[in-house]
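For the sequence shown, UniProt numbering begins at 1 and goes up steadily by one. Data first, discussion second: the structure below is written as structure tokens.
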Amino acid sequence: MKVKEIGEQGLLKILKRFCPSDIIGDDGAVLATAADKSLVVTTDVLIDNVHFSETTTSPSDVGWRAAAVNLSDLAAMGASPIGITVGLALPGETPVNWVENLYQGMTECLQRYNTKIVGGDIVRSPIISVAITAFGEVAPERVIGRNKAKLGNAIVVTGCHGASGAGLELLLNPDSTTSLGKNYREALIKAHQRPKPRLDVLPILWEIVDSYSVVDICGMDTSDGLADAILQVCQSSKVGAVIEATEISVHQAFENWLTQEQALKYALYGGEDFELLLCLPEKAAHELVEKLGNNAAVIGTITDRDKVLLRDKNEKIPDQVLNLNRGFQHFTT
């Protein structure tokens, strides 16, 4: 059965099953928020053959990733999710079960965070695209911003980097390496297909923020690459940074597969790891890392320089100044 055979109303009837019946049906969703909360809204668009393809991503994995991307943006703002709307553009020849699997993947991700699909739109298009708008709420004093880094802040990452980029490489070039065991291959591919937004970090972060009376919380997610996140924060905050290469956590699968330089390249520029980068006073940062565990690390320090310098204390790789040109850039990559 094809989408064109059941039409817009037929498809909407199917998709309504994924939404709360008491919210769907009007021209807009009404979401109650507490009086002492700020509403956070974020939107991401995923395009066929740009963000996903039949080669790398099943329909349910496309759905999961589409939801996770937006939930990660909410986590990066310090916000708890309330709901999402979905704008879906697709050709009439698209199989209906492809769309159902897409929504099933979204739902599987959202259910982990008590979040629902509360509306959206569907249109005919020559190419599939999935545009999600996510809504979250956060106390005004706990909004995380990119422009709040302070001189002397420690730079924290909440987990390892490079796994998603390596997973994508394995999907695109499955015969590119024979040195990886099956478990490692599956783990890297899963890191790409089913990333986990780090909403779990927020309760721990708030506990530490309160304990140390931290006023400004600086950070963002690392979806466009770790180097990109560091540079974006430094540019927004008008500061510099020194990053210690050996402190950047990478997946253990890299150990016998890649050189240090190759692993570092994946970690800095691979992208789509969806961890958080946070800048905090040093004591608070180290306590956060200790409580998070699982490859969380302090990787550097905010400085008053106008550049971001990557150093290797073991001197196995030369010092380098990070820049935005090596990561993924729409329209130029």
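Glycine is no exception: its CB is placed at the ideal position from the N, C-alpha and C atoms.
Note down the Cα distance separating residue i from residue j, rounded to an integer number of angstroms.
i	j	result
L90	D48	10 Å
I84	S237	30 Å
G271	G162	7 Å
I82	L180	40 Å
A67	L171	21 Å
C218	K148	5 Å
G25	V123	17 Å
D273	G225	7 Å
V143	E5	46 Å
V233	S60	33 Å
G293	Y212	19 Å
D216	K316	36 Å
G78	E247	25 Å
K313	D27	58 Å
V30	M1	34 Å
A35	P318	52 Å
residue 335	E137	The question about residue 335 has no answer here: the residues shown for the chain are numbered 1 through 333.
S125	T301	47 Å
S21	N323	48 Å
R311	L264	12 Å
V50	N101	20 Å
A284	G240	20 Å
G87	G152	43 Å
V3	I208	50 Å
residue 335	V214	Outside the modelled stretch of the chain, which goes from 1 to 333, sits residue 335, for which no answer is possible.
L288	L11	46 Å
D15	F52	Note that residue 15 is Leu in the sequence shown here, rather than Asp. Going from the Cα of L15 to the Cα of F52 covers about 21 Å.
Q260	P174	22 Å
Q262	K150	31 Å
Where DSSP assigns a beta bridge to residue i, which residues make up the other side?
i	result
S80	E137
C279	I155 and C218
A75	In the DSSP output, where bridge partners are listed per residue, A75 has none listed.
A131	V45 and G87
P95	K2
R124	L90
V321	L309
I117	I84
G63	Its beta-bridge partners do not exist; DSSP assigns none.
Who are the Cβ neighbours of residue i in its own chain at under 6 Å, not counting the five residues just before and after it?
i	result
T133	T43 and T85
L268	L226 and A227
G167	L188, I189, A191 and H192
K291	I204
N295	G159, C160 and S249
H266	This sequence places Tyr at residue 266; His is not what is there. G162, G165 and A166, listed in sequence order.
E282	A154
Within a Cβ cutoff of 8 Å, which residues of the same chain sit near residue i, ignoring the five residues on either side of it in sequence?
i	result
E8	I122
H286	A154 and V298
R198	S72, A75, T158, G159, D221, F274, E275 and L276
Q320	L309 and L310
T94	K2, V3 and I128
Quick one: residues in its chain with C-beta nearer than 7 Å to the C-beta of residue i, no 5 flanking neighbours on either side, listed in chain order?
i	result
N70	T42, D44, I84, I132 and A134
G92	K2, V3, K4 and R124
P140	S38
W206	R142
Taking three-plus beta-carbon pairs below 8 Å as touching, is the region 151-159 in contact with the region 104-111?
-> no
Segment contact, 8 Å Cβ cut-off, at least three pairs: the region 238-258 with the region 111-118 = no
Completely contained alpha helix (DSSP H) runs for the UniProt domain "PurM-like C-terminal" (152-308), where each covers 4 or more residues | 163-172, 182-193, 201-212, 226-237, 260-269 and 282-292
Can at least three beta-carbon pairs, one atom from the region 265-282 and one from the region 221-231, be found at a separation below 8 Å?
-> yes
Inter-stretch contact at 8 Å, needing at least 3 Cβ pairs: the region 179-195 / the region 288-307 | no
Run through the region 9-53 for me and flag every whole beta strand (DSSP E) of 3 or more residues, listed as ranges in chain order.
-> 38-47
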